[in-house]
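Just so you know, the sequences run in chain order A and B.
Under our numbering, the residues of the first sequence are numbered 1 to 112, in order.
Under our numbering, the residues of the second sequence are numbered 1001 to 1117, in order.
Just so it is clear, CB atoms sit at the ideal spot from N, CA and C, and this is done for glycine as well.
First comes the structure, then the notes that go with it.
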Amino acid sequence: QKEVEQDPGPLSVPEGAIVSLNCTYSNSAFQYFMWYRQYSRKGPELLMYTYSSGNKEDGRFTAQVDKSSKYISLFIRDSQPSDSATYLCAMRRMDSSYKLIFGSGTRLLVRP
Amino acid sequence: EAQVTQNPRYLITVTGKKLTVTCSQNMNHEYMSWYRQDPGLGLRQIYYSMNVEVTDKGDVPEGYKVSRKEKRNFPLILESPSPNQTSLYFCASSSFRDRGRSNEKLFFGSGTQLSVL
């Protein structure tokens, strides 16, 4: 069983829709949670960073962590065609120096 | 401009022919790492380096070598490539100063698509 599970999609939504992307994990030691966005033929770039449980909002993006359920989410409001990309969740333990465990990514397509 | 530079972007080679993928960062980062990305498997860490002359195995190190003689460079070496090493490779770097803070992040290169025939 993978430590981090993520639905590969693709997820296709119309422009303006609210998008929900999710990851589940099995290791309760994970403390730092991240979402990376990867455009086609590019390297991933950090989108959101959250420590422990709770919500974090940045513009149209909200990251949510539920440690009791071992479940993290990324919500995108008013989705735009430019949001079309692969979204990778990533997480690491407090005692691990930058060893990130990545999900396999969810491909999102926002239709104009 | 702060960046991680990988070369080449695309590489086609044959089984057994040694190759090197270069990686260089201009941000004075201590930490550098190599990943491979395969469909359905996501990003898997090959090797990482905490500083000059300090390297360690990641999750899938077999068939790969690295070296860290200078802080800015972290080449990935395939001594005898095989078809199962056909993949998209990413180099990444980060600073320990940002660890545990909201600006903690890995900076990724643009990737090297390797095909081993």
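| query | result |
| --- | --- |
| According to DSSP, simplified to helix, strand and coil, what is Gln1085(B)? | helix |
| At which residues does the beta strand (DSSP E) containing Thr1005(B) begin and terminate? | 1004-1007 |
| Determine the DSSP secondary structure at Phe1096(B), reduced to helix, strand or coil. | helix |
| Going by Cα to Cα distance, which pick from Cys1091(B), Arg1101(B), Glu1001(B), Gly1100(B) is closest to Tyr1048(B)? | Cys1091(B) |
| Please decide whether Gly1063(B) counts as near chain A, where near means a Cβ-Cβ distance under 8 Å. | no |
| What does Ser1110(B) touch in chain A if you count any residue whose Cβ is under 9 Å from its own? | Arg41, Lys42, Gly43 |
| Taking 7 Å as the limit between beta carbons, can you name the residues of its chain near Lys6(A), skipping five residues before and five after? | One detail in the question is off: residue 6(A) reads as Gln in this sequence, not Lys. Correct list, in chain order: Cys23, Cys89, Gly103, Ser104, Gly105, Thr106. |
| How many Å lie between Tyr25(A) and Val4(A) at the Cα? | 4 Å |
| Rounded to the nearest angstrom, what separates Phe1108(B) and Trp1034(B) at their Cα positions? | 9 Å |
| Just to confirm my understanding: we take Glu1053(B), look at its own chain, exclude 5 residues before and 5 after, and list those with CB closer than 8 Å. What are they? | Arg1068, Lys1069 |
| Can you tell me the Cα-Cα spacing of Arg111(A) and Ser1087(B), whole angstroms? | 29 Å |
| Take Met1032(B) and list the residues in its own chain whose beta-carbon comes closer than 6 Å to its own, dropping the five residues that flank it on each side. | Ser1049, Phe1074, Ser1093 |
| Taking a contact to mean a Cβ-Cβ separation below 8 Å, would you say Leu1019(B) touches Pro1061(B) in this structure? | no |
| When we look at the beta-carbon of Ser20(A) and count the other beta-carbons within 10 Å, is it buried (16 or more) or exposed? | exposed |
| Helix, strand or coil, according to DSSP, for Pro1061(B) in the structure here? | coil |
| Grouping DSSP H, G and I as helix and E and B as strand, with all else coil, what is Ser53(A)? | coil |
| Quick one: Cα of Asn1007(B) to Cα of Thr1022(B), how far? | 5 Å |
| Contact defined as beta carbons within less than 8 Å: I believe Gln1113(B) pairs with Arg1036(B). What is the distance between those atoms, to the nearest angstrom? | 11 Å between Cβ atoms; not a contact. |
| What residues from the region 1091-1106 of chain B come within 9 Å of chain A, judged by C-beta to C-beta, listed N to C? | Cys1091, Ala1092, Ser1094, Phe1096, Arg1099, Gly1100, Arg1101, Ser1102, Asn1103, Glu1104, Lys1105, Leu1106 |
| Expressed to the nearest angstrom, what Euclidean distance is found between the alpha-carbon atoms of Val13(A) and Ser84(A)? | 10 Å |
| Compare the C-beta of Pro14(A) against all C-beta atoms of chain B and say whether one is closer than 8 Å. | no |
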